[in-house]
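The working numbering puts the first residue of the sequence shown at 28, with every later residue one more than the last.
Step one of this worksheet: look at the structure below.
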Amino acid sequence: MLPSASVSNSAAAPEPGWRHARRGTSLSEVHASIPVPAANASFWRKFRAYWGPGLLVAVGYMDPGNWATDLAGGARFGYTLLSVVLISNLFAMLLQHLAAKLGIVTGRDLAQACRDHYSKPVAVALWVLCE
Numbered sequence: 028m029l030p031s032a033s034v035s036n037s038a039a040a041p042e043p044g045w046r047h048a049r050r051g052t053s054l055s056e057v058h059a060s061i062p063v064p065a066a067n068a069s070f071w072r073k074f075r076a077y078w079g080p081g082l083l084v085a086v087g088y089m090d091p092g093n094w095a096t097d098l099a100g101g102a103r104f105g106y107t108l109l110s111v112v113l114i115s116n117l118f119a120m121l122l123q124h125l126a127a128k129l130g131i132v133t134g135r136d137l138a139q140a141c142r143d144h145y146s147k148p149v150a151v152a153l154w155v156l157c158e
């Protein structure tokens with residue numbers, strides 16, 4: 028666990044750039060990392076270490092609604108919309124990369140960062156829009 032991700036006292040001053048001090052680690056009961064194989068481990072050992080978590084993320088990203096939409100669009104329009112799918116996936120990868128960088132640097136997930144940075148009405152509005 029990152030040293031900066033420790034639970035802070037609510038009376039503590041916020042870090043520069045944040046309105047509120049960090050309240051704690053999101054999902055602290057599962058906040059951990061996978062064991063990373065040694066640098067001299069075989070390719071397949073390293074591949075298997077990341078395959079499971081990567082597969083879970085991919086399944087979560089491609090939910091049943093997304094699959095149904097993709098299949099219906101493909102059945103109706105064929106390859107005409109393939110460029111839209113490609114561009115959408117590139118933007119999704121960019122946003123995932125930025126969210127990962129935010130988490131690595133600040134120790135906050137995207138929801139915590141929005142809650143800590145924006146006023147309560149704006150944070151609630153963002154939550155409603157995301158739901």
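Backbone N, C-alpha and C define an ideal beta-carbon position, used for all residues, glycine too.
Excluding sequence positions up to five away, which residues of its chain have a Cβ less than 7 Å from the Cβ of A126?
-> Walking along the sequence shown from the start, residue 126 turns up at place 99. Only L137 meet the Cβ criterion.
Using three-state DSSP, classify Y145 as helix, strand or coil.
-> Counting from one through the sequence shown, the residue named residue 145 turns up at place 118. Coil at Y145, not helix or strand.
Check Y88 in the structure and name its three-state DSSP category.
-> Position 61 of the sequence shown holds residue 88. Helix at Y88.
Over the uninterrupted alpha helix (DSSP H) stretch that includes S115, give me the two end residues.
-> By one-based count along the sequence shown, residue 115 stands at place 88. First-last of the alpha helix (DSSP H) with S115: L109 to T133.
Any idea what DSSP makes of N67, helix, strand or coil?
-> Along the sequence shown, one-based indexing puts residue 67 at 40. Of the three classes helix, strand and coil, the one that applies to N67 here is coil, per DSSP.
With a 10 Å radius around its C-beta and 16 neighbouring C-beta atoms as the bar for buried, classify D143 as buried or exposed.
-> Working through the sequence shown from its first residue, we reach residue 143 at position 116. Buried, because 16 or more other Cβ atoms sit within 10 Å of the Cβ of D143.
Are the CB atoms of A76 and V63 nearer to each other than 8 Å?
-> Start at 1 with the first residue of the sequence shown, and residue 76 comes out as number 49. Start at 1 with the first residue of the sequence shown, and residue 63 comes out as number 36. For the 8 Å CB-CB criterion, A76 and V63 form a contact.
With a CB to CB cut of under 7 Å and the five nearest residues on each side skipped, what residues in its chain are close to R161?
-> This structure does not reach residue 161, given that the chain is present from 28 up to 158, and the question cannot be answered.
Spatial distance of P41 from R50 (CA atoms) = As a first step, residue 41 must be located in the sequence shown, where it is residue number 14. As a first step, residue 50 must be located in the sequence shown, where it is residue number 23. P41 and R50: Cα-Cα distance of roughly 10 Å.
Span separating the alpha-carbon of G130 from that of H124 = On the sequence shown, position 103 is the one that residue 130 refers to. On the sequence shown, position 97 is the one that residue 124 refers to. Answer to the nearest angstrom: the Cα atoms are 10 Å apart.
Could you name the residues of the same chain whose beta carbon sits closer than 7 Å to that of G100, not counting the 5 residues immediately before and after it, in chain order?
-> On the sequence shown, residue 100 is found 73 positions in, with the first residue counted as 1. Closer than 7 Å at Cβ, skipping near neighbours: L108.
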